[in-house]
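Asks:
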Amino acid sequence: MERRKALKGLAALAAGLTLLPGCRDKLQIEVRANKKLELNDAQSTWIEAISEAILPKDDVVFTTYESFSKYISKMVTFRNSEEAQVAFINGYNSCTRDISIIYETRTSKIKPQQIISYFERILGDQEPLLNTSPEEMKVQKDILFFCHQVRKMSIEHLTTSREYQEQVLEYKLVPGSYISCTKA
Amino acid sequence: MQNSNKYDAIVIGAGMSGGWSAKELCERGLKTLLVERGRDVKHIKDYPTTNLKPWEFEYRGEISRAEKEANPSIARCYAYREDNKHFFVKDMEHPYIQDEEFDWIRGYQVGGKSLMWARQTQRWSDFDFEGPLRDGFAVDWPIRYKDLAPWYSYVEKFAGISGNKDGLDTLPDGEFLPALDLNCVEKHFQSSLKRNYSDRHLIYGRCAHITEQREIFRQQGRGLCLNRTECERGCPFGGYFNANSTTIPWAAKTGNLTLRPNAILLSIIYSDKENKAIGVRVIDSESKEITEYFAKLIFLNAGALNTLLIMLNSTSERFPNGIGNDNGALGKYVAFHNYRSRINAICEDFGDRKSVGKRPTSGYIPRFRNVYRQETGFLRGYAAGFSAARYSQRTKDGIGQELKEHLFAPSELGPWVVNSHMMGETVPKATNRVYLDPQKTDEWGMPLLHISVKYDDNDERMIRDFQDQFTDMFEKAGFVDIKVSDDHRAPGLDIHEMGGARMGNDPNTSILNRWHQVHSCKNIIVTDGACMTSTSTQNPSLTYMAMAARAANHAVDELEKGAIL
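Those sequence lines, one after another, are chains S and L. The C-terminal position of the first sequence is numbered 184 in my numbering, with every residue numbered one higher than the one before it. The C-terminal position of the second sequence is numbered 749 in my numbering, with every residue numbered one higher than the one before it.
In structure tokens, the structure reads:
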């Protein structure tokens with residue numbers, strides 16, 4: 001599908017979602033700020049799938065107390081401005097629809113490699129498409145923001161986990177001695 | 185007057201200097217009431233995050249955006265994080281009025297800011313005490329180094345200060361525990377300074393950490409610093425000095441201490457009939473019940489600006505403008521330290537060397553400008569912190585398996601990064617002042633404090649000089665990619681606010697005498713930052729400690745001789 005046409009469709013859908021919240025499908029997150037994101041099972045599963053594609057952790061046994069979807073649902077609200085929270089949710093909603101449209105299938109059928117390809121393309125786009133309407137431009141910006149954020153938080157979720165801290169970063173609560181200078 | 189409310193001495197404020205006042209008074213046998221506006225914080229028991237690991241913090245150490253927006257001043261403080269935010273006063277809960285932007289960083293609890301201080305401890309020298317007289321600003325200090333030197337030794341031995349005997353006349357040596365070592369790049373810079381300048385020195389930053397066990401620390405129940413560098417959470421080993429682990433329990437052991445937390449001091453009670461202060465009026469922060477306590481001696485250690493607030497609010501027929509304020513100087517001549525500028529660079533050498541572990545301090549460059557003669561277009565000078573470090577690096581490029589492989593790949597050491605920050609003296613001025621709002625009060629009925637403190641041209645010239653001099657010093661050391669910055673921070677973030685009830689020989693121009701007594705009410709003694717006549721460049725806490733111990737012992741001597749009352 002031609003990119004501009006897709007954007008036009010997404011912009012219309014985004015507007016419709018704001019006006020008609022009752023019409024959203026179960027993967028779409030209600031746009032509201034300053035409240036913890038409450039993700040339903042379908043949304044959590046989809047967010048986990050995105051994160052797992054961005055940063056596969058299949059062979060890492062985690063004892064961290066929370067899943068990525070739980071982590072993301074609190075951190076988005078915790079650290080972002082109201083405007084950024086809305087951009088994140090809008091970006092997620094548009095991204096979710098965009099991927100389904102591009103691959104012409106439901107998100108549950110989308111393969112990790114397809115998610116990777118999608119993210120590579122979005123994150124690789126340095127400039128938004130020219131000659132787009134303000135609404136289409138906003139959709140592009142929101143998707144880009146979401147993709148950046150979800151990638152960044154996937155990395156954080158891993159690197160702040162107990163396993164990563166202890167095994168990779170060799171974290172010790174009580175390091176004891178300090179050696180001022182030794183061979184590198 | 186109820187007997188249960190009568191003490192020999194009352195100390196207001198249970199932080200850095202108040203802990204020392206209480207310890208000395210209790211040891212000298214005075215029944216002492218220690219009043220603290222915040223909650224009690226017991227050593228170890230009330231350090232809730234001290235042993236938490238990074239992954240155990242719900243927000244991974246971050247402060248929420250909403251909390252930052254609600255508390256913009258503390259949010260700008262380097263030490264304010266998820267792991268220790270419970271020790272910081274929220275801006276909105278204890279409001280003040282900023283005539284000029286001022287980030288007032290406070291810790292309302294037993295221990296005060298001694299829980300989360302930076303632990304840097306340098307003595308003053310006579311270059312500092314003689315500064316105002318020589319350079320013609322403020323008023324002459326009524327004391328000199330020789331007056332304080334034995335008290336520096338006294339508090340250093342009890343608190344535990346690590347450092348080297350560097351033999352510098354600008355920064356007298358003390359009673360030191362062994363220092364940790366500078367790393368190879370820091371030593372390289374040290375050598376470069378020695379080679380290129382006669383007056384510039386890099387030394388190990390003297391700090392209040394126990395690096396060698398001594399009997400006195402065993403008696404205090406404190407152990408060695410284990411280089412966790414999680415000090416601002418409170419140390420479970422007592423590895424660094426704070427009032428909670430050291431002075432306050434020591435005072436309590438005498439049986440002479442009564443600790444009264446959650447008690448906000450409203451005013452000092454002055455008796456026109458007896459011509460002296462006779463007690464204090466406090467309000468319980470929870471119940472709002474007002475109680476009066478009485479004593480022969482009253483020590484003000486509430487933290488510089490809160491001490492000024494209390495003094496200004498303590499009015500009587502004799503002192504209509506605040507206690508001790510016969511000359512109108514109370515609240516004026518407030519000063520601070522100028523930390524605005526930094527410089528960083530890369531050292532391309534020593535690629536085959538690294539440091540292992542962490543240490544609780546860094547290098548320190550004592551003041552070198554305008555020390556022996558006036559050599560610049562600005563008054564006074566600056567000290568500087570200096571450190572060098574290499575950081576492990578992993579690329580976070582890619583997506584999918586490629587990203588994962590990058591994150592799990594062995595790390596590579598980056599280049600040595602060196603950085604330095606200035607700590608400049610600011611010149612006290614009558615226009616840098618605090619005063620009470622005539623109408624607005626906080627929820628306990630205390631007038632809100634106006635803070636009207638700002639930088640001046642002298643500070644701006646000093647910043648430029650720091651940047652020029654350190655660029656030159658860095659270039660001579662062969663550092664590259666040198667970048668200077670000025671973060672234009674407001675005063676206050678240095679957390680070194682001082683003055684407002686300055687010491688001096690002349691009661692017409694100062695508030696306190698050489699023993700920290702209010703000139704016109706000698707049983708009130710001020711030994712926190714409010715007493716400072718000038719700021720010099722050193723981190724001030726060690727000087728407050730020495731001053732508090734000296735003044736408390738003198739007051740008891742005088743009391744015993746019947747000279748005070």
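Where a beta carbon is used, it is the ideal one built from N, C-alpha and C, also for glycine.
Within 10 angstroms of the Cβ of Y639 (chain L), are there 16 or more other Cβ atoms? Answer buried if so, exposed if not.
Replies: buried
Asks: Let me see if you follow: with CB-CB separation under 7 Å, is L597 (chain L) close to chain S or not?
Replies: yes
Asks: With 7 Å set as the bound, which would you pick, yes or no: does the beta-carbon of I127 (chain L) sit closer than that to a beta-carbon of chain S?
Replies: Summary: the structure shown does not reach residue 127 (chain L), with chain L confined to residues 185 through 749, and so no result is reported for it.
Asks: Kindly indicate the opening and closing residues of the alpha helix (DSSP H) around K330 (chain L).
Replies: 329-343
Asks: Counting only the same chain and skipping the five closest in sequence on each side, list residues whose C-beta sits under 6 Å from that of Y243 (chain L).
Replies: E266
Asks: Using only alpha-carbon positions, find the residue among L:T354, L:D331, L:F483, L:R290 that is nearest to Q306 (chain L).
Replies: L:T354
Asks: Starting from the beta carbon of P134 (chain S), find every residue of chain L whose beta carbon is closer than 7 Å, and list them in chain order.
Replies: The contacting residues do not exist; P134 (chain S) stays about 26 Å from chain L at best.
Asks: For S201 (chain L), which residues in the same chain have their Cβ closer than 7 Å to its Cβ, ignoring the five residues on either side in sequence?
Replies: N485, T711, D712, Y728, M729, A732
Asks: Starting from the beta carbon of I179 (chain S), find every residue of chain L whose beta carbon is closer than 7 Å, and list them in chain order.
Replies: Ordered by position in chain L, the residues that pass the 7 Å Cβ test against I179 (chain S) are S539, V540, G541.
Asks: Between the Cα of N255 (chain L) and the Cα atoms of L:L236, L:T234, L:E277, L:N235, which residue gives the shortest distance?
Replies: Looking from the CA of N255 (chain L), the closest CA among L:L236, L:T234, L:E277, L:N235 belongs to L:E277.
Asks: So, under 8 Å CB-CB, I387 (chain L) and G547 (chain L) are touching, yes? Tell me the CB distance rounded to an integer number of Å.
Replies: Their Cβ separation, rounded to whole angstroms, is 7 Å, which keeps I387 (chain L) and G547 (chain L) in contact under 8 Å.
Asks: Between L:G389, L:R390, L:T431, which lies nearest to Q404 (chain L) when the distance is taken from Cα to Cα?
Replies: L:T431
Asks: Within the same chain, show all residues whose beta-carbon is closer than 6 Å to that of C368 (chain L), passing over the 5 residues directly before and after it, in chain order.
Replies: F534, R537
Asks: Please compile the residues from chain S whose C-beta is within a distance smaller than 9 Å of the C-beta of K437 (chain L).
Replies: Near K437 (chain L) there are no residues of chain S at all, since even the closest Cβ is about 28 Å away, more than 9 Å.
Asks: Answer with buried or exposed for T96 (chain S), where buried requires no fewer than 16 other C-beta atoms within 10 angstroms of its C-beta.
Replies: buried
Asks: Just the Cα atoms here: how many angstroms apart are G541 (chain L) and A206 (chain L)?
Replies: Approximately 37 Å between the Cα atoms of the pair.
Asks: If you draw a straight line from the alpha carbon of E136 (chain S) to that of D142 (chain S), how long is it in whole angstroms?
Replies: 10 Å
Asks: Considering only the alpha carbon of each residue, which of L:K226, L:T560, L:A747 lies closest to P433 (chain L)?
Replies: That would be L:K226, whose Cα lies nearest to the Cα of P433 (chain L).
Asks: At which residues does the beta strand (DSSP E) containing C210 (chain L) begin and terminate?
Replies: C210 (chain L) -> not in any beta strand (DSSP E); alpha helix (DSSP H) instead, spanning 200-211.
Asks: What are the complete alpha helix (DSSP H) segments, minimum 4 residues, inside the stretch 609-686 of chain L?
Replies: 641-660
Asks: Starting from the beta carbon of T182 (chain S), find every residue of chain L whose beta carbon is closer than 9 Å, and list them in chain order.
Replies: R537, K538, S539, V540
Asks: If I measure Cβ to Cβ from L410 (chain L) and keep anything under 7 Å in the same chain, skipping five residues before and after, which residues do I get?
Replies: F421, G423
Asks: Please list, in chain order, the chain S residues whose beta carbon lies closer than 8 Å to that of H592 (chain L).
Replies: Looking at the sequence shown, residue 592 (chain L) is not His but Phe. The answer, in chain order, is V168.
Asks: What are the boundary residues of the beta strand (DSSP E) that includes L39 (chain S)?
Replies: Looking at the DSSP string, L39 (chain S) is not in any beta strand (DSSP E), and its letter there is neither H nor E.
Asks: Assign I194 (chain L) to one of three DSSP states: helix, strand, or coil.
Replies: strand
Asks: Should F321 (chain L) and P675 (chain L) be called a contact, given that it needs their Cβ atoms to be closer than 7 Å?
Replies: no
Asks: Using Cβ-Cβ distances below 8 Å, what residues of the stretch 53-80 of chain S are close to chain L?
Replies: A53, I54, L55, P56, K57, T64, K74, M75, F78, R79, N80
Asks: Are the C-beta of N348 (chain L) and some C-beta of chain S separated by less than 7 Å?
Replies: no
Asks: Please list, in chain order, all residues of the same chain as L10 (chain S) whose beta carbon is under 7 Å from its beta carbon, the five residues on each side excluded.
Replies: S94, R97, D98, V139
Asks: Per DSSP, what kind of secondary structure is Y454 (chain L) in: helix, strand or coil?
Replies: strand
Asks: Does the Cβ-Cβ distance between S346 (chain L) and T413 (chain L) come in under 7 Å?
Replies: no
Asks: Rounded to the nearest angstrom, how far is the Cβ of S720 (chain L) from that of D312 (chain L), given a contact under 8 Å?
Replies: 4 Å
Asks: Give me the residue from L:R249, L:N603, L:D671, L:D678 with the minimum Cα distance to E659 (chain L).
Replies: L:N603
Asks: When Cβ atoms are compared, which residues of the stretch 104-119 of chain S fall closer than 9 Å to chain L?
Replies: Residues passing the 9 Å Cβ filter: P112, Q113, I115, I116, F119.
Asks: Between G22 (chain S) and I115 (chain S), what straight-line distance do the alpha-carbon atoms span, to the nearest angstrom?
Replies: Only weak support is given to the placement of G22 (chain S): the predicted model assigns it a pLDDT of 45, under 50, and the question is left unresolved by the model.
Asks: Using a Cβ cut-off of 7 Å (strictly closer), state whether I155 (chain S) contacts chain L.
Replies: yes
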